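This report refers to the structure that appears directly beneath it.
Residue numbers (this note's numbering): 1 to 222.
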């Protein structure tokens, strides 16, 4: 499944700040730094710095703002927090990843290496094991493959498989959120958008209920 790629750079805070200067100095006509946007946002963000780089529109891509966030917490990290288009509401996964990869190739890769910084460039496509253990991923695939895709989890056997998956996701504190689950069910699992959304809501509510049950149980122990 396609996801938005991540770009994270780690190292001494001073070197990360200098990397921003390196990136800014390397900008040409196709990219520019928007310090005005940074100034407007700065009072709203505590203990962090935000940097805005704008890519101009071309036949291959929309004009977009790429935002880098520099954290003061350990480990010191500079990462792409978002890429937003200037004229439309959102970018597709391919559009987002294309802008990020161009920024990485043109401005980050060599400059970061020269400063001895560690760079982590995430994948553009992942499977369920990106968010779930192999066991929980297998349970979700088992439910999706066996369930009646016109009735969701209403059949007792389907409901049992579905609940087993939700409990497993809860027990391992899986980072799979409802919107990502809905996308997987629709794009990879073959569910309609409507039923995928319904199941994602059930999943979210189930996780919340299990979280609350644990909290109440622990509170009763004291």
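Even glycine gets a Cβ: it sits at the ideal position worked out from N, Cα and C.
It should be emphasised that the depicted structure is a prediction, and the values quoted were computed from it without experimental measurement.
Judging by CA-CA distance, which residue of the options is the nearest neighbour of residue i?
i	options	result
residue 133	120, 175 and 125	175
residue 63	91, 51, 72 and 71	91
residue 115	103, 36 and 107	107
residue 172	160, 137, 144 and 69	137
residue 19	188, 215, 51 and 41	51
According to DSSP, residue i sits in a beta bridge with which residue or residues?
i	result
residue 64	55 and 85
residue 32	54
residue 72	Partner(s): none; residue 72 has no beta bridge.
residue 208	The partner list for residue 208 (beta bridge, DSSP) is empty, contrary to what the question assumes.
residue 7	121
According to the Cβ coordinates, are residue i and residue j closer than 9 Å?
i	j	result
residue 195	residue 149	yes
residue 200	residue 179	yes
residue 34	residue 53	yes
residue 99	residue 55	yes
residue 192	residue 161	no
residue 126	residue 104	no
residue 13	residue 70	yes
residue 124	residue 97	yes
residue 206	residue 170	yes
residue 16	residue 117	yes
I believe residue i touches residue j by the beta-carbon criterion, under 8 Å. Please report the beta-carbon distance rounded to the nearest angstrom.
i	j	result
residue 86	residue 102	With a Cβ gap of about 16 Å, residue 86 and residue 102 do not count as contacting.
residue 27	residue 184	About 38 Å; that fails the 8 Å criterion.
message = For the pair the segment 4 to 18 and the segment 79 to 90, tell me if three or more CB-CB distances fall below 8 Å.
response = yes
Cβ contact check for the segment 162 to 175 and the segment 126 to 141: 3 or more pairs under 8 Å: yes
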